[in-house]
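Chains as they are written, first to last, in the numbering used here: chain G, 18 to 277; chain Z, 1485 to 1942; chain Y, 64 to 481. C-beta atoms are modelled at their ideal positions from N, C-alpha and C, and glycine is treated no differently. It should be emphasised that the depicted structure is a prediction, and the values quoted were computed from it without experimental measurement.
Quick look at the structure:
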């Protein structure tokens, strides 16, 4: 793998020689990567290449899968997230996640966003909580659409709105990193455009890692791109370089549509 | 010569077998002779003949078995010897059955002398009707068989015919369920209406004094409120206080925390708990739990502590319901999409926060449906309350006192030596009607909720 | 360091205390779950412990050695009649009961006849019928003790009779053996001769009848509903009926049977036939539901394949779908039958709670079933019946658990994932 023109002076998250196993099967093979603080990093690759699996190991969501095992070193601000001293509840508050399919809780819009701050005790009183909810919904670009019906069920929104609600839900805990696992794959083009716009706006406030099978999307939203294939990291670099001047034959084949 | 239905059934089954072989052979033969291809394979022709042979005869046999004893008795009663019989009542029945037993060889000699002259007429009538029955049955069988046999031709669509009959049989089988439901509704309604002619429905539903066996019929009162209260206290309150928390927590533990190995052991354990017959639970409640609770109550100084307490019956019933609640809750929690759980965990919620604030609220409709079904099962449960709750119709909220329930009273009213038409036995049917309607409503509502809930996540 | 460090101070004391509290709540919750599972387990263990503790004693019985000298007290019966059908009456008429009582008084001291069961002489009678030579000499018979003596002996000589029992024990006159009458006899008022064979046979007959009716009806109805039924109001009605019947309290079926089978049709009351019919109606919905699930699990591709080679719809179902669904159907049927076997309430209403002292001869003769026998014995005053009740429960549980185990085995063995 090539890392020569990778210039990230202060990485938010670092991964060294990471392997992920599901039972006997090895899903990720010796992946090392740094995630920049103010950057959007895209993971691309054909389905089943392990990009989602790797993403889920960045906030230890693989812990919830029976038989999953992660080896190697992954750190957040230099702190090993798999160390016994690392508290997984706090880790996930600091490294938020947005899923492939919008998954709002069957609660009101307000309660969906307030859920995280409530469990972590981030708002001492009701007006603080209202402020957090409003800010998160504003940042997610949903405030104007829902401000008059915060009491309605989150599941009553359209697909694109639901996904922005989920992003607001993740933002509300004030995370440092947001992981997005193919956040637009279940959405229509207009909703997708809105999410992409949102990612642009969130960039700089959060470190964002997005998994996508859509190369145009990666090219549009990210500054760094990592290409995964069969559980290995084939190439990682500036997005412009990966798409215009890939160093690896396999990357070139993939982005020119030879397979995937 | 008596009319032995089982043997005759075997006889026509044998004839049907012969018909099957003959029909099969004939279809082969005809096909060979005409050098034509059979429309249906030979065994279908066989089945066609066999069915025509068997079905009408068997139907006749069923009808004749039901009708002929009455005909025989009529004949005997019309005979000269029956003139001296007592007009009505028990004695008349005893004499007749004594004579019948001797005539049919079930006993060697009459036990009641008055029956002796009736033996010969009985024997004659029995013979006569047996021969008529057998003759008619054989004639039907042969006629049916011959009719079918003559219709066999190479292009005869025997398979289609046989399959039509098969479909008819399938349809009839599925109608048994409706028939049973109608049977329940009609028999309960019919007897209840007779009861309500004697006692007003308002008294049963709103009366507060239950005393159906006060000794003097005019003093009997049928106020159902104490029974309904006892049923609710045991089945819907005490049993649910035991079953809901334990069942829910069991389901939560098994679905969210337990290792697969633990699940493999605990699930069969719950199945055993669900498979223990209710009479065993009842015995356990009466033998072990109730005396222990009574001692406990006496220790606390609670008045009216009885060895037949609502608490003993309710606790044991609750334990009986645990597997039911836990499996319903298990299904409901499992039906909540994994994404919901992941979404909560990814925000940094602990498993118990996820379960209590996301999974259980999401699973609530399903769980509620399950609980309604559990209540319906608890209030219809009989043996535990018969054995452990007692029969005194008290209106008390003291769980250590004895109360009675609808089911316990149904059993009590129907197991004495009452005549069938007395108000007491009819009251049992009226109580049964109330129980049926209430459980039916609970079931319909619960099944609808559960179904809606399943659809919501599909 | 990074500019985007979150404003939340995760390392702060307040936050750490909060996290600690949340983890404590987590541990408590998890413990609660474990306790719930353990509570069910503990209850089951306690129940089985009580039943086995009481019941194992019910399988044995105390016998008292009583020598009877028929030369001193001749039983005057015509030896040639001992092989006759009415030998029982002949021997009883000759006064054997008195002879045995007298011999017991003689051997055990005053009140000795009260220490053996009042039915003990029937054991002697059985022995004499088997070997008429016994009448010519003196023999030591090991006769069943009275219920009181049996309990005192099993309790190790406590209570009022304890002293006498101790004395017998010292003289070596007591022996304990398997209580064969328990397995061989029908109900009786004396625990020394009461047995479960009558109830067991009644249960077998009843369940057999229930199976004969419910299994074919249930499976055929399931086939119709799942494979052929058009979607209309009638089939909806059938569906609703079946789902509700499966949840109707069992005692309602007892009321139905009483009103229809006994009062309208006049089918023999309290018999295995009427019991079987009642349980069949009760079990059929269970079988229909289980069968439908099993039939549903057969993939449509199999049906398409069979239809594709020209099989008629009936052939498709009977040649392909039914055989593939059969293991699932059988599993459901066994579980339904096990439930019917343990059922008591509806049978109470159709007269099966009467005392039946004979082993049922046929499906129309008065019979009782094992759960009913348990219920009847649980009401007996004689303390000897406590352990008989528990022993009968052990037998019933063994039968039911083996049926359920068989069902689980079938399910695991034949369960296919398409």
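Which residues of chain G have a Cβ atom closer than 9 angstroms to the Cβ of residue i, listed in chain order?
i	result
residue 91 of chain Y	Within chain G, no residue comes near residue 91 of chain Y; the closest Cβ sits about 16 angstroms away, beyond 9 angstroms.
residue 120 of chain Y	In chain order: nothing, as chain G lies at least about 47 angstroms away.
With 16 as the cutoff for other CB atoms within 10 Å, does residue i come out buried or exposed?
i	result
residue 34 of chain G	exposed
residue 1624 of chain Z	buried
residue 252 of chain G	buried
residue 268 of chain G	buried
residue 233 of chain G	exposed
residue 328 of chain Y	exposed
residue 1531 of chain Z	buried
residue 68 of chain Y	Note that residue 68 of chain Y scores 43 on pLDDT, short of 50, meaning its location in the model is unreliable; the coordinates nonetheless yield the value given after this. Result: exposed.
residue 1602 of chain Z	buried
residue 1826 of chain Z	buried
residue 439 of chain Y	buried
residue 91 of chain Y	exposed
residue 156 of chain G	buried
Whose CA, out of the options, lies closest to the CA of residue i?
i	options	result
residue 1936 of chain Z	Z:1896, Z:1872, Z:1819, Z:1836	Z:1819
residue 2000 of chain Z	Z:1897, Z:1508, Z:1855	In this structure chain Z extends from 1485 to 1942, so residue 2000 of chain Z is not present and cannot be described.
residue 398 of chain Y	Z:1913, Z:1755, Z:1846	Z:1755
residue 1588 of chain Z	Z:1604, Z:1576, Z:1633	Z:1604
residue 127 of chain Y	Y:163, Y:150, Y:108	Y:163
residue 115 of chain G	G:155, G:202, G:254, G:166	G:202
residue 1577 of chain Z	Z:1515, Z:1560, Z:1593, Z:1592	Z:1560
residue 76 of chain G	Z:1831, Z:1893, Z:1851	Z:1831
residue 1546 of chain Z	Z:1671, Z:1496, Z:1692	Z:1496
Beta strand (DSSP E) containing residue i: first to last residue?
i	result
residue 49 of chain G	42 to 53
residue 90 of chain G	85 to 93
residue 78 of chain G	First-last for residue 78 of chain G: undefined, no H or E at that position.
residue 196 of chain G	194 to 198
residue 114 of chain G	112 to 115
residue 262 of chain G	Segment: none, residue 262 of chain G is in no beta strand (DSSP E) and carries neither H nor E.
Do the CB positions of residue i and residue j come within less than 9 angstroms of each other?
i	j	result
residue 241 of chain Y	residue 124 of chain Y	yes
residue 1931 of chain Z	residue 1864 of chain Z	no
residue 70 of chain G	residue 45 of chain G	yes
residue 117 of chain G	residue 198 of chain G	yes
residue 192 of chain G	residue 112 of chain G	yes
residue 1737 of chain Z	residue 96 of chain Y	yes
residue 1766 of chain Z	residue 1800 of chain Z	yes
residue 250 of chain G	residue 50 of chain G	yes
residue 211 of chain G	residue 170 of chain G	no
residue 339 of chain Y	residue 270 of chain Y	yes
residue 261 of chain Y	residue 413 of chain Y	no
residue 284 of chain Y	residue 1539 of chain Z	no
residue 248 of chain Y	residue 100 of chain Y	no
residue 208 of chain G	residue 175 of chain G	yes
residue 58 of chain G	residue 239 of chain G	yes
residue 183 of chain G	residue 134 of chain G	no
Against residue i, what residues of chain Z qualify as contacts under a CB-to-CB distance less than 7 angstroms, listed in chain order?
i	result
residue 255 of chain G	Those do not exist, as residue 255 of chain G stays about 29 angstroms from chain Z at its closest Cβ, beyond 7 angstroms.
residue 434 of chain Y	1761, 1763
residue 106 of chain Y	1803
Quick one: which chain Y residues come within Cβ less than 9 angstroms of residue i?
i	result
residue 233 of chain G	None at all; the shortest Cβ gap to chain Y is about 27 angstroms.
Where does the unbroken alpha helix (DSSP H) through residue i begin, and where does it stop?
i	result
residue 1611 of chain Z	1600 to 1634
residue 1896 of chain Z	1890 to 1898
residue 1529 of chain Z	1526 to 1562
Can you list the residues of chain G that residue i reaches, using a CB-CB cut of under 7 angstroms?
i	result
residue 1837 of chain Z	136
residue 1823 of chain Z	116, 118, 120
Below 8 angstroms on C-beta distance, what does residue i contact in chain Y?
i	result
residue 1643 of chain Z	375
Shorter than 8 angstroms, the distance from the beta carbon of residue i to the closest heavy atom of the ligand COA, or not?
i	result
residue 1724 of chain Z	The ligand content of the structure shown is nil, which means the ligand COA is not present either.
Going along chain Z, which residues have a C-beta under 8 angstroms from residue i?
i	result
residue 347 of chain Y	1660, 1661, 1664
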